[in-house]
Amino acid sequence: MPLFFDLLGVFFFAVSGSLLAARRGFDIVGSFLLAGMTGFGGGIVRDLILGVVPTAFVNPFYFIPPAIATLLVYFVAPGVQRLVRPLLIFDAAGLALFCTSGTIKALEAGMNPFSATLLGVTSAVGGGLIRDVIANKTPSIFDPHDIYAVPAMMGSGLIAMLWMLGIRGWTWELGVTAV
Amino acid sequence: MPLFFDLLGVFFFAVSGSLLAARRGFDIVGSFLLAGMTGFGGGIVRDLILGVVPTAFVNPFYFIPPAIATLLVYFVAPGVQRLVRPLLIFDAAGLALFCTSGTIKALEAGMNPFSATLLGVTSAVGGGLIRDVIANKTPSIFDPHDIYAVPAMMGSGLIAMLWMLGIRGWTWELGVTAV
Amino acid sequence: MPLFFDLLGVFFFAVSGSLLAARRGFDIVGSFLLAGMTGFGGGIVRDLILGVVPTAFVNPFYFIPPAIATLLVYFVAPGVQRLVRPLLIFDAAGLALFCTSGTIKALEAGMNPFSATLLGVTSAVGGGLIRDVIANKTPSIFDPHDIYAVPAMMGSGLIAMLWMLGIRGWTWELGVTAV
């Protein structure tokens, strides 16, 4: 189950990477590279800090989401390219999923709730940050018009608090619906 | 003691991050994020290379310096925002502290003095680099008008040399005053 | 032998870093810093993911390639600075070497061929990406006019396939000549 959510988060970020690649006029190879970096970036940082081999380098299935995202954006949705909105939506969806999955993975590894929240936010923010920095764009988390980073962080903190109180089951939905 | 110096270094870098965030017009959340990334960045890279869990993810106290820095810059010093000088001063102070603490931490972990110097410089340069790259600014270490990177590097090398000669006590001051 | 190829790859990337530093008007310290980051960047990311201490922080010899590259570009070839071509050539040469050495190192560490290919590409792309992001340039791997990333990736995949088939000797040349 966590694997499915993780792959879904990778997919959302990968789509946001491909959309930005399309706006920047990158070709399909560049689009796939940016999709992969955006999708894998946050998880790699998270796993390195936890001291485990990054999941993207263990499980070949992780290739599938960026591949689908690239093809989808490249062939199916060329008209969507110039719109800002879908990029933000996929970014926010990936952010919410990574916040919760990152926080839970850190808690399971025995981190204290405070640090786990920080790692959840780091892994969630990481992918989008790498995408925007590479494509020479002011990172969307710094956009003062959108406060979508705040609910994600609050969701991350909420999960850590529930964990402390002993509620460790399907709190996923809670975090996701917080956004 | 090393913890205090490390936290002080984080604080200096966090202030420089908040100052740049203010200049870029980021809101308080963005300011806190950039302060945290600048303050934690170098130490995270250092600890990952040393193969230990980054201190910022172990000790919740590390949250305090970026929080203070953000509030300080946001509420107390709005007039300071447009000045270039304070950013450079806090950057240089953080650089000097991280150079010495990074070199010493690497030496204590059993690295050879040459590599320890490199890691000290890497950890010192890392935070500011992350800050400038994220905020779309040519990194200040590449500014030909300021050679503040050089004394920091020399301080780092000096500490490694003193270590080799058996002088391992309070050489902190030496490195710091070198700048 | 692998050490020699690794150092050669570091040298190629370091030259590309120094060339870009020259074009940006950085001084010799900045040139050395960018040469080092470009040369070491990909290998550090590769080794962190593999869970070993980055070679650049173990073996002091790794300092030599960036130092030679910086001096070479700074003193010998000032007229070459404005040309785009040499930067691309050194970038492609470093890319090819890192793709093969990264893939082989990952295979030797017991990674599956698919993940090993991904890590080879990551380590090859890493250094140039860090260089371009720091110097505020759209990363050359995203340049639609040059498809030099594709042969490097194919070389990386080829090496992984040959490894699976039991051919593990001097397949270096194959990968390199692929470009």
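Residue numbers (this note's numbering), protein chains in the order written: chain H, -2 to 176; chain Y, -2 to 176; chain F, -2 to 176.
Quick reminder that beta carbons are idealized off the backbone N, C-alpha and C, glycines included.
Option in the options with minimal Cα separation from residue i
i	options	result
H:Val12	H:Ala32, H:Trp160, H:Leu5	H:Ala32
H:Val70	H:Gly27, H:Ser98, H:Asp44, H:Thr97	H:Gly27
H:Ala103	H:Phe2, H:Phe1, H:Val130, H:Trp160	H:Trp160
H:Met158	H:Leu115, H:Asp140, H:Ile127	H:Leu115
H:Gly14	H:Phe87, H:Val73, H:Leu0	H:Phe87
H:Pro136	Y:Arg128, Y:Leu0, Y:Pro136	Y:Arg128
F:Phe72	F:Ala89, F:Met34, F:Asn56, F:Ala19	F:Ala19
F:Ala89	F:Leu0, F:Val147, F:Val49	F:Val147
H:Met34	H:Val55, H:Ala132, H:Asp140	H:Ala132
First and last residue of the uninterrupted alpha helix (DSSP H) at residue i
i	result
H:Arg43	25 to 47
Y:Phe62	The sequence given here has Pro at residue 62 of chain Y, not Phe. Per DSSP, Y:Pro62 belongs to the alpha helix (DSSP H) from 61 to 68.
F:Arg128	110 to 131
Distance between beta carbons of residue j and residue i, contact taken as under 8 Å
i	j	result
H:Phe225	H:Gly125	Since the first residue shown for chain H is -2 and the last is 176, residue 225 of chain H is missing from the structure and cannot be characterised.
Y:Leu17	Y:Lys134	7 Å
H:Leu94	H:Gly36	That belief does not hold up - the Cβ atoms of H:Leu94 and H:Gly36 are roughly 11 Å apart, past 8 Å.
F:Ala106	F:Leu45	With a Cβ gap of about 13 Å, F:Ala106 and F:Leu45 do not count as contacting.
Y:Phe2	Y:Ser120	Wrong, their Cβ atoms sit about 13 Å apart, outside the cutoff.
C-beta atoms of residue i and residue j nearer than 8 Å
i	j	result
H:Phe60	H:Leu4	no
F:Thr100	F:Ile156	yes
H:Leu84	H:Ala149	no
F:Gly40	F:Ala53	yes
Y:Gly123	Y:Cys96	no
F:Pro51	F:Phe8	no
F:Val42	Y:Val130	no
Fill in: Segment contact, 8 Å Cβ cut-off, at least three pairs: the region 62 to 70 of chain F with the region 66 to 74 of chain Y
no
Discussion item. Taking contact to mean 3 or more Cβ pairs, one atom from each stretch, closer than 8 Å, check whether the region 102 to 121 of chain Y and the region 17 to 29 of chain Y are in contact.
Written reply: no
Fill in: Near-chain B residues of the region 38 to 72 of chain F - C-beta to any C-beta below 9 Å
Absent from the structure is chain B; the protein chains it does hold are H, Y and F.
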